[in-house]
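Heads up: the structure comes next, in structure tokens.
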């Protein structure tokens, strides 16, 4: 009898679900703060560029002297000449310093993914942190017309550090189940919001103080270096390493099948061909493009608009630029957690996703268009309120295309989010190019074109998203699905080729 009970207990023990592993929240928090620091270093120029205009105030620093020798018609005669060259950047040069950052980020997309695979997460992440810190500290030294070409190179190199997001999403995603992935994605992309909350108010105060705009770059460069040391100390601490080595089980979902794996390396086939042939995937990418274009416009150019067009002080500009980011992040978290009640939608996931995404894009789009009908210097309060509401409503995307990714992609959500990150970088470049072509720093009539264009783009992107998005799990997420991008396995020695 005792033998029978013992065998029965062994069978139940073998089929018992392993305990859920403890999630390293401290580690995830440090990583998110690190990404926010990288983004803040990139945003410093977007804010301090307001103060670059001070070069053109008639002071002695406006120009620098260049000595040269001019030959006359006779080869034996000539004269020494003195040239006066401008030292301040033109508006086009300032705009290009913002526009080149996403170029570096896009170029680093695959190289940093290879570094993550070859050298691991910690080394890749530390490299990006150090690179961001060094480039931020060097920018005040080269942000002038004399060293303009070098400044562009430094900004491109600074953009490379934004490629850290790919290792971060892969690492953090391995600690969480697919059920938490919508919230995870919202938190991971919140580094853009946190960086603005951290940077804009502090930058406004520092630019106003006697320390000047240079101090903003030096402060955040130093903070990033300190955070790098904190990350290294925690990552290699005995407690964290013991957690990684001893009995860690990661729960990985494949469709309806859950597999518990204690290995640090997981190999599985990625049906990338089927993913890229899915119209719902492209609808999600279009929805993400509209969202990130509006978000990047708010991050990169609204401080310039508030200071130069609405004529707010530098301190007020800093705090008002950060306020929509706080409201937007709060709404985004609430939408991802379904805290905002919309009972009339019922349990229809597709309807819920469409409604949330429409709120996050159409309403901001209409508000952006309405800004064009008010003169900022006559109605500054109206313009500020409209801009704040438009930026805040973007947060509803947490229940829109962010949720659609988890519903549709299942276990392959990490791969889809990596593509969303690429769309984020492209949208950064697009809005920078549009601003360089359309808007001028102090001319409101041309800024109206930018706001109207952004509003129309948001509405069109939402229309395409609602037409093509699907929330039921895709066929390529189900167990046993065969994709033509798989390399077939053969028993014979024939070379393996795609089907």
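Residue numbers (this note's numbering): -1 to 497. Here a beta-carbon is modelled for each residue, glycine too, at the ideal position from N, C-alpha and C. All values derive from a computational prediction rather than experimental measurement.
Residue 398 carries a coil assignment under DSSP once its states are collapsed to helix, strand and coil. When secondary structure is reduced to three states using DSSP, residue 210 falls in the coil class, being assigned neither helix nor strand.
In the structure shown, residue 118 adopts coil according to DSSP, grouped into three states. Secondary structure at residue 477: coil, using DSSP grouped into helix, strand and coil. Exposed is the label assigned to residue 375, since fewer than 16 other Cβ atoms lie within 10 Å of its Cβ.
If you draw a straight line from the Cα of residue 31 to the Cα of residue 192, it comes to about 8 angstroms.
Note that the segment 345 to 356 does not touch the segment 413 to 422; fewer than 3 beta-carbon pairs, one per stretch, sit closer than 8 angstroms. Burial check for residue 274: the Cβ neighbour count within 10 Å stays below 16, so the residue is exposed.
Of the residues assessed, residue 40 falls on the buried side of the cut-off, its CB having 16 or more other CB atoms within 10 angstroms. By the CB criterion at 9 angstroms, residue 400 and residue 163 fall outside the cutoff. Contact annotation: the segment 122 to 130 touches the segment 153 to 169, with at least three C-beta pairs closer than 8 angstroms. Exposed is the label assigned to residue 477, since fewer than 16 other Cβ atoms lie within 10 Å of its Cβ.
If you look at residue 470, you'll find it isn't in any alpha helix (DSSP H); DSSP assigns it neither H nor E.
Sequence-distant Cβ neighbours of residue 152 in its own chain, meaning closer than 8 angstroms and more than five residues away, are 133, 136, 137 and 140. Between the alpha carbons of residue 444 and residue 436 lies a distance of about 6 angstroms.
For residue 302, the enclosing alpha helix (DSSP H) has its first and last residue at 300 to 306. About 4 angstroms separates the Cβ atoms of residue 34 and residue 189, confirming a contact at the 8 angstroms cut-off. Ranked by how close their Cα comes to the Cα of residue 324, the residues 195, 279 and 268 have 195 in first place. Cβ-Cβ distances below 6 angstroms link residue 294 to 425, 426 and 429 in the same chain, with the five nearest sequence neighbours on each side left out; the list follows chain order. Assigned with DSSP and collapsed to three states, residue 444 falls in helix.
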